[in-house]
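First the structure, in the form of structure tokens, and then the observations on it.
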Amino acid sequence: MKDISICLNGEVRQIAVAPNETLLDVLRNRLGIKTPKEGCGRGDCGACTILLDGKAVRSCLILAIEVHGQSITTLEGVGANGLTALQKAFVKNNVFQCGFCASGVILAASALLAENPQPTESEVREALAGNLCRCTGYEPIVETVLAVAKQAARQPAASRRTRS
Amino acid sequence: MSIACEFDYAKAVSLKDALRLLARRVSGGAVPLAGGTDLVAWLRDGTAAPGRLVDIKGIKALCGIRLKAGQLWMGANTPFADIVESPLVRKHAPILVEAAGMAASVGVRNRATIAGNICSAVPCCDSGPALLVYGARIHVATSRGTKTIPAKRWFIGPRQTALPKGGIVTGISIPIAKHAGAFAKLKRYRGEDLAQASVAVRVDPSGNWQVAYGSVAPTPIRGPQVERVLKGVKKPDAALVKKAAALAETEVAPITDIRSSAVYRRMMVGVMLSRAIPLAVRRVSGRGPAYGINVLEEEAS
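Those protein sequence lines, which keep their order, are chains A and B.
The numbering used here applies: residue 6 is where the first sequence begins, and numbers increase by one.
The numbering used here applies: residue 130 is where the second sequence begins, and numbers increase by one.
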């Protein structure tokens, strides 16, 4: 076991981890962070997406011991101060059905909008191509991300909120 | 439990430190860990069971993309996302940008490194064909010193490379020269997928062609017969493109697997080559679409 220190959703956390524990398992089973899901467990489905130093990554393919000193944001952190504009739009448009992919999709889309506030449709599709959804057929997800980006362009304050 | 095997983990602070950690005896052997997108998946499914992981991500000397002695140098820790976004790579190795942009998904590309991609050396490795047409060199360090290995001698078999035991890839370099090209990848669907087949094409202003294929042999391979028939032709006409495509189908050696039948792979290599050649011609003369497109979709429309 080795002690690691991470900044998890803005809070410094310390925990002893074994080298063979994945970040996903440590988050879910030991740190009470349940929004990253285990889907495929091999990096294909995106359900375990988290933001590592602001970048969308697969927590199932990262060992917890690797991320010592790094900053992690999960959906718990994104929505900590109330739903973001993106989340509100997803709710309003009733975008998700079963919701298993939702946390990964929201994080991947949030990372995209933070880097590229006015993405094209193909950029949205590319950013979300690694987040599999078996319910929606993706159309409502893509449409909503584009609509939120468009709305943010009209309302600069709302855009900052989306990026948080 | 997600990962059944047990191993130690050590984070190397320097190349020397990493080589020392890799050399120290451990049951199961020691392996370098960079992005981990292949290695951790293999630890999970039991394909790999090393005794020690040596994390090389903290080694500054293996990070970054820069120009060095007329070469474009990419450190071993460079993730695919950095390659896609780098103005230097876009300028000097745009075919690699096109290939890197087709690799897996954003969430994997943010972590997966190009050096890891060629060390995993699966036949469908997306960076392989581009590195082959560029005549890239793989820089390797061992406890005995450093050496460079040409990409064409790197890939030995599925998951087998010329990396010496206990060695580490430190970077990959590509010679700088005026050129254009294209990378085409056939997938089962629009989202992320491993290649069913892929083709990289490079041409210089004198009409010297380099061609390579992925997913149609035990390793990424060059296409010497197609290169010969195109040699010196700056603008191959439709008949020559057709001839090259027919030759491509005969110089690959695909198998049938879960992603595709051998015959489909063979035929699609011809189709992809016949799209990639005219695209490279348009690009070398300064016309043609920017790099980073899905060649099969854009050129069909």
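Idealized CB from N, CA, C, for every residue including glycine.
Owing to the predicted nature of the structure, the values given are computational and were not obtained by experimental measurement.
Open item on the list: Less than 8 Å between CB atoms is the rule here; does Pro124(A) satisfy it with respect to chain B?
Closed with: Locating residue 124(A) in the first sequence gives position 119, counting from the first residue. No, no contact with chain B.
Open item on the list: At the level of alpha carbons, what is the spacing between Ile9(A) and Thr379(B)?
Closed with: Along the first sequence, one-based indexing puts residue 9(A) at 4. Along the second sequence, one-based indexing puts residue 379(B) at 250. Whole-angstrom Cα-Cα distance: 54 Å.
Open item on the list: Cβ closer than 7 Å: which chain B residues qualify as neighbours of Asp30(A)?
Closed with: If you number the first sequence from 1, residue 30(A) lands on position 25. Near Asp30(A) (Cβ distances below 7 Å), the residues of chain B are Ser131.
Open item on the list: If distances are taken between C-alpha atoms only, which option among Lys7(A), Ile146(A), Ala157(A) and Ala85(A) comes closest to Ser74(A)?
Closed with: Counted from its first residue, the first sequence places residue 74(A) at position 69. According to the sequence provided, residue 74(A) is Gly. The question's Ser does not apply to it. Checking every option, the nearest Cα to that of Gly74(A) belongs to Lys7(A).
Task: Minimum Cβ-Cβ distance from Arg388(B) to chain A less than 8 Å - done: Start at 1 with the first residue of the second sequence, and residue 388(B) comes out as number 259. By this cut-off, Arg388(B) is not an interface position.
Open item on the list: Rounded to the nearest angstrom, what separates Cys106(A) and Gly46(A) at their Cα positions?
Closed with: In the first sequence, the residue the question calls residue 106(A) occupies position 101. In the first sequence, the residue the question calls residue 46(A) occupies position 41. Roughly 14 Å separates the two Cα atoms.
Open item on the list: On the CB-based measure, 16 or more other CB atoms within 10 Å of its CB, does Gly175(B) come out buried or exposed?
Closed with: The residue given as residue 175(B) occupies position 46 in the second sequence. Result: exposed.
Task: Inter-stretch contact at 8 Å, needing at least 3 Cβ pairs: the region 160 to 173 of chain B / the region 237 to 251 of chain B - done: yes
- [ ] For Pro293(B), collect the residues of the same chain with a Cβ closer than 6 Å to its Cβ; drop the 5 residues on either side in sequence, then sort them by chain order.
- [x] As a working mapping, residue 293(B) is identified with position 164 in the second sequence. Closer than 6 Å at the Cβ level, and outside the excluded window around Pro293(B), lie Thr271.
Open item on the list: Any beta carbon from chain B within less than 8 Å of Pro24(A)'s own beta carbon?
Closed with: On the first sequence, position 19 is the one that residue 24(A) refers to. A Cβ of chain B is located within less than 8 Å of the beta carbon of Pro24(A).
Open item on the list: Would you say Ala94(A) lies against chain E (beta-carbon separation less than 8 Å)?
Closed with: No chain E is present in this structure, whose protein chains are A and B.
Open item on the list: For the region 251 to 265 of chain B against the region 216 to 227 of chain B, do three or more pairs of beta-carbon atoms, one drawn from each stretch, fall closer than 8 Å, so that the two count as touching?
Closed with: yes
TODO: Would you kindly report the start and end of the unbroken alpha helix (DSSP H) that includes Thr379(B)?
DONE: Taking the first residue of the second sequence as 1, we reach residue 379(B) at position 250. Start and end: Ala367 to Glu380.
TODO: Tell me, please, whether the CB atom of Asp137(B) is closer than 8 Å to any CB atom in chain A?
DONE: The residue labelled residue 137(B) in the question sits at position 8 within the second sequence. For Asp137(B), the answer is yes, since a Cβ of chain A falls inside 8 Å of its Cβ.
TODO: Establish whether the CB of Cys254(B) and some CB of chain A are separated by less than 8 Å.
DONE: Numbered from 1 along the second sequence, position 125 holds the residue referred to as residue 254(B). Output row for Cys254(B): interface = no.
Open item on the list: Could you check whether the region 305 to 313 of chain B touches the region 407 to 423 of chain B, counting it as contact only if at least three pairs of C-beta atoms, one from each stretch, sit closer than 8 Å?
Closed with: yes
Task: Other residues of its chain near Tyr138(B): CB distance less than 7 Å, five sequence neighbours each side excluded - done: The residue you call residue 138(B) lines up with position 9 of the second sequence. Answer for Tyr138(B): Leu182 and Asp184, listed in chain order.
TODO: Determine the extent of the beta strand (DSSP E) in which Gln19(A) is found, giving its start and end residues.
DONE: Along the first sequence, read from residue 1 onward, the residue named residue 19(A) stands at position 14. Residues Glu16 to Val22.
- [ ] Within 10 angstroms of the Cβ of Asp366(B), are there 16 or more other Cβ atoms? Answer buried if so, exposed if not.
- [x] Counting from one through the second sequence, the residue named residue 366(B) turns up at place 237. Exposed, since its Cβ has fewer than 16 Cβ neighbours within 10 Å.
Open item on the list: Output needed for Ala291(B): all residues of its chain with C-beta closer than 7 Å, excluding positions within five of it in sequence on either side, in chain order.
Closed with: For this step, residue 291(B) is matched to residue 162 along the second sequence. Taken in chain order, the residues that qualify are Ile278, Arg282, Trp283 and Ile285.
Task: Leu13(A), enclosing beta strand (DSSP E) - first and last residue - done: In the first sequence, residue 13(A) corresponds to position 8, counting from 1. Element bounds for Leu13(A): Lys7 to Leu13.
Open item on the list: Using only the alpha-carbon positions, how far apart do Ser430(B) and Lys316(B) sit?
Closed with: As a first step, residue 430(B) must be located in the second sequence, where it is residue number 301. As a first step, residue 316(B) must be located in the second sequence, where it is residue number 187. Bear in mind that the predicted position of Ser430(B) carries a pLDDT of just 47, short of 50, making it unreliable; the figure below should be weighed with that in mind. The alpha-carbon atoms of Ser430(B) and Lys316(B) are separated by roughly 17 Å.
Open item on the list: Can you tell me whether Val213(B) is buried or exposed? The criterion is at least 16 other CB atoms within 10 Å of its CB, across all chains shown.
Closed with: Here the question's residue 213(B) lines up with position 84 in the second sequence. Buried, by the Cβ-count rule.
Open item on the list: Would Phe95(A) and Thr40(A) qualify as a contact pair, given that the criterion is a beta-carbon distance under 8 Å?
Closed with: In the first sequence, the residue the question calls residue 95(A) occupies position 90. In the first sequence, the residue the question calls residue 40(A) occupies position 35. Cβ atoms of Phe95(A) and Thr40(A): not closer than 8 Å.
TODO: Assign Thr125(A) to buried or exposed, taking buried as 16 or more other Cβ atoms, counted over all protein chains shown, within 10 Å of its Cβ.
DONE: Along the first sequence, read from residue 1 onward, the residue named residue 125(A) stands at position 120. Classification for Thr125(A): exposed.
Open item on the list: Under 8 Å, Cβ to Cβ, is there at least one residue of chain A near Asp366(B)?
Closed with: Position 237 of the second sequence, counting from 1, holds the residue named residue 366(B). Asp366(B) does not count as touching chain A.
TODO: Please report how far the alpha carbon of Arg168(A) lies from the alpha carbon of Ser115(A), in whole angstroms.
DONE: Position 163 of the first sequence, counting from 1, holds the residue named residue 168(A). Position 110 of the first sequence, counting from 1, holds the residue named residue 115(A). Any reading at Arg168(A) needs caution, since the residue's pLDDT is 49, under 50, leaving its predicted position unreliable; the model's value is listed next. So the alpha carbons of these two residues sit roughly 6 Å apart.
Task: Three-way DSSP call (helix, strand, coil) for Val218(B) in this model - done: For the purposes of this step, residue 218(B) is identified with residue 89 of the second sequence, where counting begins at 1. In the structure shown, Val218(B) sits in a helix (DSSP, three-state: H, G or I).
Open item on the list: Tell me the DSSP secondary structure of Leu191(B) in three-state form.
Closed with: One-based indexing of the second sequence puts residue 191(B) at position 62. DSSP places Leu191(B) in helix when its eight states are reduced to three.
- [ ] Could you pull out every residue in the same chain whose Cβ sits closer than 6 Å to the Cβ of Gly199(B), ignoring the five residues on either side in sequence?
- [x] For the purposes of this step, residue 199(B) is identified with residue 70 of the second sequence, where counting begins at 1. Take Gly199(B), set aside five residues on each side of it, and the residues of its chain with a beta-carbon closer than 6 Å to its own are Ile305, in chain order.
Open item on the list: Per the DSSP calculation, Arg266(B) is bridged to which residue(s)?
Closed with: Within the second sequence, the letter at position 137 stands for residue 266(B). DSSP, once it has assigned bridges, lists Pro279(B) and Ser302(B) as partnering Arg266(B).
Open item on the list: Please return the same chain residues whose Cβ sits closer than 7 Å to the Cβ of Lys372(B), not counting the five positions on each side in sequence.
Closed with: Translated into positions along the second sequence, residue 372(B) becomes position 243. Cβ within range, chain order: Val358.
TODO: Check distances from the C-beta atoms of the region 407 to 423 of chain B to those of chain A and list, in chain order, the residues that come in under 7 Å.
DONE: none
TODO: Report the three-state DSSP secondary structure of Arg168(A) (helix, strand or coil).
DONE: What you label residue 168(A) is simply residue 163 of the first sequence in a count that begins at 1. Note that Arg168(A) has pLDDT 49, beneath the 50 cutoff, so the model's placement of it is unreliable and the number below is only indicative. Helix, per DSSP.
Open item on the list: Is it the case that the region 127 to 147 of chain A contacts the region 81 to 94 of chain A, given that we only count it when at least three CB pairs across the two stretches are under 8 Å?
Closed with: no
- [ ] Excluding the 5 residues preceding and the 5 following His221(B) in the sequence, name in chain order all residues of the same chain whose CB lies nearer than 8 Å to its CB.
- [x] The sequence position of residue 221(B) within the second sequence is 92, counting from 1. Counting only Cβ-Cβ distances below 8 Å, and skipping sequence neighbours, we find Leu196, Leu201, Ile303 and Ile305.
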